[in-house]
Amino acid sequence: MKLTYLGHSAFKIVTNNGITILIDPYVDKNPLAPIKAKHLQADYIVLTHAHGDHLGDAFSIANMNNTVFICVSELASYVAKKGYKVHAMQIGGAFTYDFGKLRLTMALHGSMTPDGLYGGLAAGVILEVDGVTIYHCGDTGIFGDMKMIGEMFKINYLLVPIGGNYTMDIDDAVLAVKMITPDIAIPMHYNTFPAIIANPEEFVKKLEAEGLLGMVMQPGEEM
Ligand code: NI
Ligand code: MN
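The structure is reproduced here in structure tokens:
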């Protein structure tokens with residue numbers, strides 16, 4: 002499994018058997034993104050919610066014949082009306098795909114499409130791919146059930162928003178990591194806009210002070 006950070010909350014996962022999954026592919030309007038949409042392709046596009054900085058370039062990247070969108074059913078209806086293939090889910094539900102198991106989790110956030118339609122509940126996502134468990138929190142404020150998620154899953158990589166204003170800030174994200182207890186926490190959703198300026202190294206230092214491990218991925222970096 003290869004995980005690549007595409008800036009903001011966008012990640013690319015390529016499985017050992019060559020399946021490409023994009024999460025929240027917002028790249029063309031993000032000057033920090035390492036790649037343009039025209040150079041991306043995906044077998045699956047996972048959307049945590051409908052906001053423009055998450056739906057992003059999904060429609061221009063997706064191939065109507067092959068790409069399957071995975072998201073909550075209200076947003077899936079919107080995507081299906083545009084002519085794309087969808088697999089609708091809801092929070093708390095899990096499904097085993099050809100790449101592995103995927104579950105939607107709660108996220109404390111809103112969701113509206115760029116043209117003003119209700120996008121259903123915002124979500125986080127837990128992916129179990131090639132024996133690795135990744136929890137992408139989506140956009141969310143801190144919530145107490147993160148402790149339960151940490152007890153239900155052994156999270157290897159936690160992708161956690163730190164930018165504040167729309168989501169958790171650094172201090173909240175440190176508390177979230179304490180509850181979820183992943184092997185490694187990777188910050189996201191910061192520095193893309195003036196309202197979400199945050200220093201990811203400060204997040205990692207504050208984690209270290211708590212005996213927790215954080216790692217900053219630069220846009221374009223893969224592991
Ligand atoms: Ni949002
Ligand atoms: Mn956002």
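Residue 2 is where the sequence shown starts when you use the working numbering, and the numbers rise one by one after that.
C-beta: ideal position from N, C-alpha, C; glycine also.
When the Cα atoms are used, what is the spatial distance from residue i to residue j?
i, j, result
"residue 112", "residue 26", "16 Å"
"residue 173", "residue 126", "19 Å"
"residue 185", "residue 109", "22 Å"
"residue 133", "residue 157", "6 Å"
"residue 154", "residue 191", "26 Å"
"residue 196", "residue 166", "6 Å"
"residue 209", "residue 81", "44 Å"
"residue 62", "residue 41", "6 Å"
"residue 29", "residue 193", "12 Å"
"residue 182", "residue 217", "17 Å"
"residue 93", "residue 224", "28 Å"
"residue 83", "residue 55", "17 Å"
"residue 179", "residue 47", "26 Å"
"residue 214", "residue 141", "21 Å"
"residue 221", "residue 159", "18 Å"
"residue 75", "residue 60", "17 Å"
"residue 188", "residue 201", "6 Å"
"residue 171", "residue 147", "16 Å"
Counting C-beta neighbours from all protein chains within 10 Å, is the total for residue i 16 or more, i.e. buried, or is it exposed?
i, result
"residue 265", "The structure shown does not extend to residue 265, since the chain is modelled only from 2 through 224, so no value can be given for it."
"residue 149", "exposed"
"residue 67", "exposed"
"residue 38", "buried"
"residue 95", "exposed"
"residue 164", "buried"
"residue 64", "exposed"
"residue 32", "exposed"
"residue 97", "exposed"
"residue 79", "buried"
"residue 6", "buried"
"residue 119", "exposed"
Going by C-alpha to C-alpha distance, which of the options sits closest to residue i?
i, options, result
"residue 86", "43, 187, 173 and 16", "43"
"residue 16", "135, 131, 202 and 166", "131"
"residue 136", "103, 28 and 7", "103"
"residue 106", "99, 123 and 117", "123"
"residue 23", "3, 31 and 11", "11"
"residue 99", "77, 146 and 69", "69"
"residue 219", "168, 8 and 181", "8"
"residue 139", "34, 180, 49 and 224", "49"
"residue 143", "159, 176 and 117", "176"
"residue 3", "171, 129 and 215", "129"
"residue 169", "152, 145 and 151", "145"
"residue 57", "5, 75 and 116", "116"
"residue 18", "72, 121, 101 and 34", "101"
"residue 225", "121, 89 and 188", "With the chain running from 2 to 224 in the structure shown, residue 225 is simply not present."
Determine, for residue i, whether the minimum Cβ-Cβ distance to residues of chain D falls below 9 Å.
i, result
"residue 196", "The question asks about chain D, but that chain is absent: this structure has only one protein chain."
Kindly provide the ranges of any beta strand (DSSP E) runs that are 3 or more residues long and lie completely inside the stretch 171-199, ordered along the chain.
185-189
ask   = What residues does the ligand NI have around it, judged by CB closer than 5 Å to any heavy atom, in chain order?
value = 52 and 140
Please list the segments of the alpha helix (DSSP H) lying wholly inside the stretch 12-93, counting only runs of 4 or more residues, in order along the chain.
53-56, 59-62 and 74-82
Every unbroken beta strand (DSSP E) within the stretch 121-175, with a cutoff of 3 residues, ordered by chain: 124-130, 133-137 and 158-162
Entirely enclosed alpha helix (DSSP H) segments - the stretch 96-123, minimum 4 residues | none
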